[in-house]
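In the numbering used here, the protein residues as written are 6 to 340.
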């Protein structure tokens with residue numbers, strides 16, 4: 006059932022992208038030839054009828070969600086009605102965001118692109134162009150994947166959808182060697198800047214939560230699909246929050262911030278001292294790696310002064326980001 010729901014969600018998203026990408030009215034036949042999920046043999050009466058029922062349900066759902074779906078014709082000579090989304094009615098007004106809020110929205114958007122919808126959306130737009138339909142290049146700007154996530158993310162989310170058990174090597178800070186874990190994954194969730202998988206540990210016969218960054222080898226799916234069902238009242242965020250426990254920010258760092266910049270960092274400062282080079286802020290933190298991952302979002306506006314563990318974690322994070330960018334550039338040149 007989950008796969009059916011996900012497939013329908015992807016189809017609706019791609020339908021919206023398709024109808025936003027052109028100012029023309031597109032007929033049902035053009036939409037069927039463009040949007041993944043509507044493929045069918047138009048000469049087969051049963052298949053065509055099934056497509057029409059599916060399309061009518063999807064139109065009704067979009068309108069129920071408040072999507073301004075218009076019906077009309079491209080010219081007076083057209084006998085078949087077409088559809089489009091009025092972008093003037095669909096677009097949001099400008100939303101002012103603080104730097105940290107904008108960073109969070111950007112990460113979420115890039116993750117969505119990475120998570121599997123981008124390929125289908127890009128394919129659909131290519132089909133529109135091939136069919137002679139003018140496509141607005143700014144309507145869906147940048148749907149290509151641009152963010153690297155933990156290698157375990159895709160196999161774990163895929164296993165959770167398929168309800169298949171997984172096994173993977175996992176290392177905790179207090180142990181030198183990783184141990185093999187066997188898990189029935191219920192889902193993957195982000196909590197306080199880190200990704201976690203929650204599920205049932207079949208060896209310990211109990212619910213467990215694992216941080217993706219501590220998975221140090223490949224994730225392998227084992228067993229059959231539909232081998233388990235997650236709890237009906239599952240709340241992944243609440244589970245991870247309970248598992249993680251309260252965060253005690255019992256360590257202090259000092260950072261140099263450019264004048265008038267990094268409002269999100271200033272918001273959490275315990276003390277602020279003005280200097281000729283900028284403002285020196287004192288901040289409380291719990292985990293050096295997580296804190297550094299947050300700081301690097303402000304780029305050159307923030308420089309870590311002390312302690313050494315935060316400086317080193319910040320440098321390591323910047324090198325990691327630089328490595329991802331360099332790899333992406335080399336791949337683009339090679340293509």
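Ideal Cβ placement from N, Cα and C applies to all residues, glycine included.
Remember, it's a predicted structure, so these values are computed and weren't measured experimentally.
Can you pull the DSSP bridge partners for residue i?
i, result
"residue 205", "189, 212"
"residue 195", "200"
"residue 78", "Its beta-bridge partners do not exist; DSSP assigns none."
"residue 68", "Note: residue 68 sits in no beta bridge, so no partner."
"residue 88", "31, 76"
"residue 225", "172"
"residue 326", "BP columns for residue 326 are empty, so no partner."
"residue 220", "175"
Please list, in chain order, all residues of the same chain as residue i whose beta carbon is under 7 Å from its beta carbon, the five residues on each side excluded.
i, result
"residue 131", "Because the pLDDT of residue 131 is 49, which lies under 50, any placement of that residue in the model is unreliable, and the number read from its coordinates should be weighed accordingly. No residues qualify anywhere along the chain."
"residue 264", "283, 284"
"residue 323", "301"
"residue 218", "155, 199"
"residue 245", "194, 196, 201, 203, 214"
"residue 275", "287, 288, 289"
"residue 306", "262, 263, 266, 267"
"residue 272", "none"
"residue 314", "293"
"residue 56", "37, 43, 45"
"residue 165", "190, 191, 192, 193"
"residue 321", "none"
"residue 231", "168"
Once you ignore the five residues that flank residue i on each side, which residues in its own chain have a CB closer than 8 Å to its CB?
i, result
"residue 17", "63, 66, 67"
"residue 319", "297, 300, 301, 309"
"residue 242", "194, 196"
"residue 75", "30, 88, 89, 90, 91"
"residue 233", "168, 170, 189, 205"
"residue 86", "30, 32, 76, 77, 78"
"residue 260", "270, 285, 286, 288, 300, 307, 308, 309, 310"
"residue 185", "172, 173, 174, 175"
"residue 236", "191"
"residue 229", "169"
On the premise that residue j lies in contact with residue i, defined as a C-beta separation below 8 Å, what is that separation, rounded to the nearest angstrom?
i, j, result
"residue 22", "residue 88", "About 13 Å; that fails the 8 Å criterion."
"residue 33", "residue 60", "6 Å"
"residue 311", "residue 258", "7 Å"
"residue 20", "residue 40", "5 Å"
"residue 254", "residue 291", "5 Å"
Please work out which residues of its chain come closer than 6 Å, Cβ to Cβ, to residue i, disregarding the five sequence neighbours upstream and downstream, and give them in chain order.
i, result
"residue 187", "172, 207, 208"
"residue 144", "Note that residue 144 has pLDDT 48, beneath the 50 cutoff, so the model's placement of it is unreliable and no number is given."
"residue 213", "206"
"residue 220", "157, 173, 175"
"residue 52", "45, 46"
"residue 277", "284, 286"
**OP:** Scan the segment 253-293 and note each continuous beta strand (DSSP E) run of 3 residues or more that stays entirely inside, going in chain order.
**Re:** Counting only runs of 3 or more, we get 256-262, 276-280, 283-290.
Subject >> Those runs of the beta strand (DSSP E) which lie wholly inside the segment 156-183 and span at least 3 residues >> reply: The beta strand (DSSP E) runs lying completely inside the segment 156-183 and spanning 3 residues or more are 170-175, given in chain order.
Original post:
Taking the runs of the beta strand (DSSP E) that are 3 residues or longer, which of them lie wholly in the segment 296-320?
Top reply: Inside the segment 296-320, DSSP marks whole beta strand (DSSP E) runs of 3 or more residues at positions 307-311, from first to last along the chain.
Subject >> Runs of alpha helix (DSSP H) lying entirely within the segment 10-63, each at least 4 residues, in chain order >> reply: List check, alpha helix (DSSP H) in window: 33-39.
Original post:
Are the segment 153-163 and the segment 218-235 touching by the rule of at least three beta carbon pairs closer than 8 Å?
Top reply: Yes, the segment 153-163 touches the segment 218-235.
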